[in-house]
Amino acid sequence: MKICVVGHCAIDTIKIEDSQYEQIGGSACYCGLTARQFGFDVELQTKFGKDFPKQYLSDNKIKFINSESENNTTHFKIEINGSDRKLILENFCEDIEYQSSKCDGHLVSPIFNEISSDSLSKIKNDSNFLLVDPQGFLRKKDLQGNVFLDKTSLDLSNVNAIKVNPEESDQIVSGTPDEKMMALQKKGVEYVLYTNKVDVSLLVKNKIYSITLPNKEIHDTTGIGDIFCSAFVSTMLKEKDFLWAFCFAGGAAQAALDSKNVGLLKIPKKGTIQNNASYFYNLVKFRDI
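Every position in the sequence shown, counted from 1, becomes a number in my numbering once 4 is added.
Structure representation (structure tokens):
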């Protein structure tokens, strides 16, 4: 089985308290490497420059198409304080021109407006199962490169699943968390994933399922959302069971946090994810809405 991931690779300078790390990252790397843990073939549609170690992708048997750019790789400076992050965009590579691809599923996760609405429409036409993480569609920057979220109109028709946090959802819809999830559902999304730090919810039809991640000590949160999304898509494609997919996504996020590693080193092994998923499966709460 094969997953197509669309989004930028990046080079991240991560600052945690008095420590600083330079890591490769971006949604393409986090999502792609997580999908590899689930045994998927991975095709990246991304962009990176000569400053990016593309051999790392090849070594992990991740294929990339028309990805090399004359521009340097997208570069973020990320300052982490607990579960809060400050993003500064220091370089933007270039837009991704989507090329038609037949995969079992597509995962669209831009990090800074590198995917156009036209490309998203083409992806929808190709995809059997599409998850959108809208973070990069919503991001803008000021003159100093500080990244902030701004209200954006997104066409979510023919999108199977979406993952948002409170701040992101506020830029697309309005209301209480329940109202926002229902509003996203009305836009055409079948599975609405809503993450609020350790509280994670999933709206399917008229029910909201929820779990709470037990991790209380936060280290590097970079890429956690991408790991979560990739685990959800991978499990949905293999198991066709949204509740298992939800628990695997939560299990992957928890395992990544438990590792206390920085950058891509936090991507967990499938066995650890599966153990966590089994734990969460017995603790899922649900309610009608």
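Built from N, CA and C at the ideal position, the CB exists for glycine as well.
Exercise. Does the count of Cβ pairs from the segment 187 to 200 and the segment 93 to 101 closer than 8 Å reach three?
Worked result: no
For this session: Give me the Cβ distance between Gly-140 and Glu-118, rounded to the nearest whole Å; I'm assuming they're in contact under 8 Å.
Result: 7 Å
Exercise. How long is the line joining the alpha carbons of Ala-259 and Asp-203, rounded to whole angstroms?
Worked result: 15 Å
Exercise. Can you list, in chain order, the stretches of the alpha helix (DSSP H) that have 4 or more residues and sit fully within the segment 160 to 218?
Worked result: 170 to 174 and 181 to 190
Exercise. Which residues in the same chain as Val-266 place their Cβ atom closer than 7 Å to its Cβ, once the five residues preceding and following it in sequence are excluded?
Worked result: Ile-18, Tyr-25, Gln-27 and Asp-224
Problem set entry | Where Thr-216 falls, given that 16 or more other Cβ within 10 Å makes a residue buried | exposed
Problem set entry | Enclosing beta strand (DSSP E) for Asp-292 [first to last residue] | 289 to 292
Problem set entry | Assigned secondary structure, Val-266 (DSSP; H/G/I helix, E/B strand, else coil) | coil
Exercise. Can you give, in chain order, each stretch of the alpha helix (DSSP H) that sits fully within the segment 35 to 118 and has at least 4 residues?
Worked result: 59 to 63
Problem set entry | Counted within 10 angstroms of its Cβ, other Cβ atoms place Phe-114 as buried (16 or more) or exposed | It should be noted that the sequence gives Pro, not Phe, for residue 114. Under this definition Pro-114 is a buried residue.
Exercise. Using DSSP with H/G/I as helix, E/B as strand and the rest coil, what is Glu-21?
Worked result: coil
For this session: State yes or no: is the C-beta of Phe-52 within less than 8 Å of the C-beta of Ile-7?
Result: no
Problem set entry | C-beta atoms of Phe-68 and Phe-96 nearer than 8 Å | no
Problem set entry | Buried versus exposed call for Asp-230 [16 or more other C-beta atoms within 10 Å across all chains shown] | buried
Problem set entry | Distance, Asp-16 Cα to Gly-86 Cα | 18 Å
Problem set entry | Beta-bridge pairing of Asp-16 - partner residues as DSSP gives them | Gln-27 and Phe-80
For this session: Please confirm whether Gly-29 and Gly-227 have their CB atoms less than 8 Å apart.
Result: yes
For this session: Taking all protein chains shown into account, decide if Pro-138 is buried (16 or more other Cβ within 10 angstroms of its Cβ) or exposed.
Result: buried
Exercise. Among Cys-33, Ser-173, Ser-178 and Ala-39, which residue has its Cα nearest to the Cα of Pro-57?
Worked result: Cys-33
Exercise. Considering only C-alpha positions, which residue in the set Phe-133, Ile-92, Arg-291 and Thr-78 is nearest to Leu-153?
Worked result: Ile-92
Problem set entry | Cβ neighbours of Asn-162 in the same chain (closer than 6 Å, five flanking residues each side left out) | Lys-128
Problem set entry | Strand pairing of Cys-233, partner residues [DSSP] | According to DSSP, Cys-233 bridges with nothing at all.
For this session: Give the DSSP-derived three-state secondary structure of Asn-279 in the structure shown.
Result: helix
For this session: On a CA-only basis, which of Ile-293, Leu-261, Ser-263 and Ser-234 is nearest Phe-250? Give me that one, please.
Result: Ser-234
Problem set entry | Cut-off 7 Å between Cβ atoms - residues of its own chain near Asn-210, not counting five sequence neighbours on either side | Asp-292 and Ile-293
Exercise. For Lys-65, does the count of other Cβ atoms within 10 angstroms reach 16, so buried, or fall short, so exposed?
Worked result: exposed
Exercise. Excluding the five sequence neighbours on either side, which residues of its own chain have a C-beta within less than 6 Å of the C-beta of Lys-167, listed in chain order?
Worked result: Asp-137, Leu-197 and Cys-233
For this session: Go ahead and pull the three-state DSSP assignment for Leu-241.
Result: helix
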